[in-house]
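Input: a single structure, listed below in structure tokens.
There are 2 protein chains.
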Amino acid sequence: MGEPRRGLSRRALLTSGSVGAAGVVVGAAGASAAAHEPPAADPGLRTVPFRGTHQAGVVTPPQDHGVLVAYDLLDGVDADALRRLFAIWTDDVERLTAGRAGLADTEPELALRPSGLTVTLAVGPGAVEAAGVDVPSWLGPLPDFTVDRLEGRWSEGDLLLQICSDDELVVSHALRLLTKEARTFTTVRWVQRGFRGPLGRDRTPRNLMGQVDGTANPRPADHDALVWRSSTTTPEGPAWLDGGTTMVVRRIRMELDTWDEIDRTARERTIGRRLDDGRPLTGGRLEDDPDLDAVDANGLEVIDPFAHVRRARTDDRRQRILRRPYNYDDPPPPGELTDAGLVFVSFQADLEAQFVPLQRRLAELDLLNQWTTPIGSAVFAVLPGARRGEQLGQSLLT
Amino acid sequence: MGEPRRGLSRRALLTSGSVGAAGVVVGAAGASAAAHEPPAADPGLRTVPFRGTHQAGVVTPPQDHGVLVAYDLLDGVDADALRRLFAIWTDDVERLTAGRAGLADTEPELALRPSGLTVTLAVGPGAVEAAGVDVPSWLGPLPDFTVDRLEGRWSEGDLLLQICSDDELVVSHALRLLTKEARTFTTVRWVQRGFRGPLGRDRTPRNLMGQVDGTANPRPADHDALVWRSSTTTPEGPAWLDGGTTMVVRRIRMELDTWDEIDRTARERTIGRRLDDGRPLTGGRLEDDPDLDAVDANGLEVIDPFAHVRRARTDDRRQRILRRPYNYDDPPPPGELTDAGLVFVSFQADLEAQFVPLQRRLAELDLLNQWTTPIGSAVFAVLPGARRGEQLGQSLLT
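Same order as they appear, the protein sequences are chains C and A. If you read the first sequence in this note's numbering, its first letter stands for residue 248, the second for the next number, and so on. If you read the second sequence in this note's numbering, its first letter stands for residue 248, the second for the next number, and so on.
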């Protein structure tokens with residue numbers, strides 16, 4: 248296993264807690280320590296540990312590039328076949344994330360600079376069924392939301408890999424190797440590539456609408472309560488998903504051409520935050536909650552009743568989710584200027600208690616709905632991590 | 248104009264020559280100095296000068312991300328209309344590359360961290376005609392090569408912008424703003440996005456086939472003789488292109504699935520270089536020329552007669568070109584594993600004397616042709632730079 252890098256001192260390592268458990272602490276400490284450290288080691292050699300209670304790529308600070316690939320299982324793929332596939336993938340992912348070539352790697356040189364590579368495996372209802380296990384009721388299409396204009400080519404899937412790295416060539420290489428390894432078991436259902444870039448991992452990450460985005464994420468101290476499934480967060484089980492989480496992937500097209508037509512005041516009113524620095528319209532710091540009760544000199548609410556921050560926010564702290572989105576910007580179809588938006592990704596221990604109520608509030612009355620259109624949607628179960636000697640998916644396939 | 252950054256000391260600036268002339272020296276010095284400098288300044292604030300004799304983005308060391316967008320002119324766009332469009336673009340590009348928002352910028356916050364942004368303007372035959380100027384004979388489709396399988400959706404165009412930055416969000420923002428500004432004059436013909444990533448700007452840049460690529464580029468001392476048009480390199484004119492260059496854009500699909508079927512020995516024989524470090528099979532350093540006359544113990548040529556390095560190489564030093572390619576890796580069509588390859592970009596003062604003979608040698612007999620397919624092709628004239636007080640395209644539109 249390679250050493251954690253990105254300007255991370257021994258001291259930061261020693262004081263940051265359980266390094267190596269899940270790759271989480273390393274990334275987080277690395278990001279915040281970078282500004283204060285002597286010249287960083289080669290960032291291409293940075294590794295995020297693969298082994299641990301949880302998979303990497305969930306609470307890992309987002310890398311610059313990500314791809315989500317959904318597979319459909321071929322007919323006849325059963326629990327034994329899944330076990331073989333997951334064994335191959337476990338070995339590949341352990342090697343690739345450590346900066347070593349996979350055993351069947353035809354371009355081994357492309358594996359040597361992982362640049363923070365993580366690969367996260369999740370299952371859809373089809374794979375759970377193939378494993379011969381009861382499919383949890385929430386693992387399937389989300390409830391219909393009135394704003395949805397879903398297309399099959401961006402929705403659902405039996406298996407999912409999320410592959411992220413600061414180097415897009417590394418993402419391409421891992422995607423190709425892992426997809427080749429799976430070709431006797433699967434077909435590719437969809438591929439969604441995205442980017443954040445240095446701007447996106449800045450303290451004020453922005454999306455293509457220019458908005459500061461994703462600042463309200465749960466802090467590391469809340470991950471056990473909000474992200475990871477356990478006998479505490481989800482006592483009803485299933486037990487095979489303890490240590491895992493639930494994952495929502497939604498492709499949200501941004502209607503940038505009409506968004507352009509409204510002015511900054513209208514945009515800020517839509518969001519409820521200032522565009523220049525992302526602070527709530529009611530003041531305070533970027534990370535502060537907006538004051539939803541504040542009124543202006545005329546007695547009107549400062550934060551519009553239908554503003555995105557009001558609808559996205561909840562007083563129930565247990566309803567928060569971990570957002571980990573990527574931007575997409577594809578070549579536009581003929582006659583249009585842009586085909587861009589957000590590959591929205593969220594993780595939450597309990598899909599029905601955390602994600603669905605939030606999404607319902609947004610779907611009903613969020614002002615931002617006028618300029619965004621969900622065109623793809625899928626729900627997956629992120630398997631627990633593979634500890635030393637274990638394989639991914641082991642708990643599902645016993 | 249912003250200050251050049253990326254760990255660039257005052258001393259490096261003072262000793263690196265004519266900083267500010269064309270953005271070239273800054274980028275080059277910054278890249279090589281980075282390893283020896285104290286903690287780098289914020290790389291998001293790095294700027295490449297816009298003003299100069301030559302446009303930036305040609306001999307500028309390649310940024311991590313690039314997009315090429317080709318436009319077709321709407322009916323009725325004449326020299327006056329082009330002058331207006333180029334005036335708007337000049338102003339936008341000067342602002343954006345300096346880290347300032349464009350005048351009509353609807354997301355000004357996305358302009359503030361240019362991350363080495365360059366925007367390069369080039370014209371195809373349609374724009375030259377619209378300007379009322381004779382179209383040079385070489386400015387049009389390349390000669391037919393037997394290997395070509397060209398598709399209209401990746402070929403030709405009246406105008407081209409090449410937009411490059413280390414931050415993909417910056418590329419998206421600039422693409423969007425500049426395309427919007429042009430919409431009363433143009434329609435988008437094609438968009439090709441690509442990436443190099445940190446691996447790609449390493450001293451051993453690699454493509455998706457795992458090959459070390461682009462090591463044989465002319466050195467800065469050769470740029471005046473090989474890249475830039477002038478009364479010395481191209482005495483026949485046209486004069487409006489002095490200070491500019493010619494640009495070839497070819498979309499080359501890599502047949503990675505069949506490439507996978509051959510072993511490393513066959514791959515190295517195809518290329519004529521070692522896969523692990525890119526050195527010629529005849530030994531020496533990465534940057535050394537292969538010894539084309541070397542024979543092995545059996546008296547056979549070490550470099551295959553049809554190896555890529557032999558066919559791509561020329562004894563005529565004046566035939567060299569400046570390659571500035573980007574990788575692409577798009578979602579595959581149904582039933583296929585990959586849709587990946589190279590957005591090949593080259594610059595050369597004299598297209599017919601430098602590019603065409605090289606391409607002919609490759610098209611005939613290059614072993615690599617079995618695993619690559621050109622599916623798009625376009626030729627453009629890169630206009631000279633805009634010096635202080637000038638507009639892009641001024642020499643064409645007088």
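Positions of the beta carbon are idealized from the N, C-alpha and C atoms, including for glycine.
**OP:** Identify each residue in the stretch 419-448 of chain A for which the Cβ-Cβ distance to at least one residue of chain C is less than 8 Å, and report them in chain order.
**Re:** Ser419, His420, Leu422, Arg423, Thr426, Lys427, Arg430, Thr434, Val435, Trp437, Val438, Gln439, Arg440, Phe442, Arg443, Gly444, Pro445, Leu446 and Gly447
Original post:
In chain order, what residues of the same chain have a beta carbon less than 7 Å from the beta carbon of Thr480 of chain A, not counting five sequence neighbours either side?
Top reply: Ala472, Ala596 and Asp597
**OP:** For the alpha helix (DSSP H) containing Ile622 of chain C, list its first residue and its last residue.
**Re:** Where Ile622 of chain C is concerned, there is no enclosing alpha helix (DSSP H), although the beta strand (DSSP E) it sits in stretches over Thr619 to Val629.
Original post:
Can you give the Cα-Cα distance for Thr307 of chain C and Leu357 of chain A, rounded to whole angstroms?
Top reply: 25 Å
**OP:** Taking all protein chains shown into account, decide if Arg315 of chain C is buried (16 or more other Cβ within 10 angstroms of its Cβ) or exposed.
**Re:** Checking the displayed sequence, the identity of residue 315 of chain C turns out to be Leu instead of Arg. By the neighbour-count rule (16 or more Cβ atoms within 10 Å), Leu315 of chain C is buried.
Original post:
Between the beta-carbon of Ala317 of chain A and the beta-carbon of Gly404 of chain A, is there less than 7 Å?
Top reply: yes
Original post:
For Asp413 of chain C, which residues from the same chain have a beta carbon less than 6 Å from its beta carbon, with the 5 sequence-adjacent residues on both sides left out?
Top reply: Gln310, Asp311, Ser362 and Gly363
**OP:** Just the C-alpha distance for Val438 of chain A and Leu424 of chain C, rounded to the nearest angstrom, thanks.
**Re:** 27 Å
Original post:
Comparing the C-beta of Leu315 of chain C with each C-beta of chain A, is any distance below 7 Å?
Top reply: no
**OP:** Starting from the Cα of Val324 of chain C, find the closest Cα among C:Arg360, C:Ile335, C:Ala378 and C:Arg347 and give me that residue.
**Re:** C:Ala378
Original post:
Under the rule that 16 or more other beta-carbon atoms within 10 Å means buried, what is Leu643 of chain C, buried or exposed?
Top reply: buried
**OP:** Compute the Euclidean distance between the alpha carbons of Ser279 of chain C and Arg466 of chain C, then round it to the nearest angstrom.
**Re:** Confidence at Ser279 of chain C is low in this model, with a pLDDT of 33, below 50, so its placement is unreliable and the value that follows should be read with caution. Near 14 Å, if we compare the C-alpha coordinates of Arg466 of chain C and Ser279 of chain C.
**OP:** Using a Cβ cut-off of 7 Å (strictly closer), state whether Pro552 of chain C contacts chain A.
**Re:** no
Original post:
With respect to 6 Å, is the separation between the Cβ of Leu292 of chain A and the closest non-hydrogen atom of the ligand MG below this value?
Top reply: Within the structure as shown, the ligand MG is missing, as the structure has no ligands at all.
Original post:
So, Val495 of chain A versus Val626 of chain A, is the Cβ gap smaller than 7 Å?
Top reply: yes
Subject >> Beta-bridge pairing of Asn574 of chain C - partner residues as DSSP gives them >> reply: C:Phe442 and C:Leu589
Subject >> Rounded distance between the beta-carbons of Leu589 of chain C and Pro572 of chain C, thought under 8 Å >> reply: 5 Å
**OP:** List the residues of chain A that Ala472 of chain C touches, going by C-beta distances under 7 Å, in chain order.
**Re:** Here the premise fails: no neighbours, minimum Cβ distance about 32 Å.
**OP:** Count the other CB atoms, across all protein chains shown, that sit within 10 Å of the CB of Val542 of chain C; report buried if there are 16 or more and exposed otherwise.
**Re:** exposed
Original post:
Going by beta carbon distance, what residues of the same chain come within less than 6 Å of Leu569 of chain C, once the five residues before and after it are set aside?
Top reply: Asn464, Pro465, Val474 and Phe594
Original post:
Using the beta-carbon of each residue, which ones in chain A are nearer than 8 Å to His548 of chain C?
Top reply: The question names His, but residue 548 of chain C is Glu in the sequence shown. Correct list: empty, because the minimum Cβ distance to chain A is about 25 Å.
**OP:** On a CA-only basis, which of C:Glu483, C:Thr300 and C:Asp327 is nearest Ala374 of chain C? Give me that one, please.
**Re:** C:Asp327
Original post:
At what residues does the beta strand (DSSP E) containing Ser362 of chain C begin and finish?
Top reply: Ser362 of chain C -> no beta strand (DSSP E), and no H or E assigned at all.
**OP:** Label Glu508 of chain A either buried or exposed according to how many other C-beta atoms from any shown protein chain fall within 10 Å of its C-beta, with 16 as the threshold for buried.
**Re:** exposed
Original post:
How big is the Cα-Cα spacing for Leu528 of chain A and Leu406 of chain A?
Top reply: 41 Å
**OP:** Give the residues of chain A in contact with Met456 of chain C, contact being defined as C-beta atoms less than 8 Å apart.
**Re:** Glu354
**OP:** Can you give me the Cβ contacts of Trp636 of chain A inside the same chain, cut-off strictly under 8 Å, excluding the 5 residues immediately before and after it?
**Re:** Strictly speaking, residue 636 of chain A in this sequence is Gly, with Trp absent from that position. So the list is empty, once near-sequence residues are dropped.
Original post:
What is the DSSP secondary structure of Leu584 of chain A, reduced to helix, strand or coil?
Top reply: coil
Original post:
By the criterion of Cβ-Cβ separation under 9 Å, what are the contact partners of Arg453 of chain C in chain A?
Top reply: Glu354, Glu356, Leu357 and Leu416
Original post:
Is Val272 of chain A helix, strand or coil by DSSP?
Top reply: In this prediction, Val272 of chain A scores a pLDDT of 31, lower than 50, which makes its location untrustworthy; no coordinate-derived value is stated.
Subject >> C-alpha distance - His420 of chain A paired with Thr619 of chain C, whole-angstrom precision >> reply: 18 Å
Subject >> 8 Å Cβ cut-off: residues of chain B touching Pro296 of chain A >> reply: This model lacks chain B altogether, as its protein chains are C and A.
Original post:
In chain order, what residues of the stretch 525-550 of chain C put their CB closer than 8 Å to some CB of chain A?
Top reply: none
Original post:
How close, in whole Å, do the beta carbons of Leu386 of chain C and Pro372 of chain C come, if the pair is a contact with beta carbons under 8 Å?
Top reply: 5 Å
**OP:** Establish whether the CB of Leu321 of chain A and some CB of chain C are separated by less than 7 Å.
**Re:** no
Subject >> Any C-beta of chain A under 7 Å from that of Pro578 of chain C >> reply: yes
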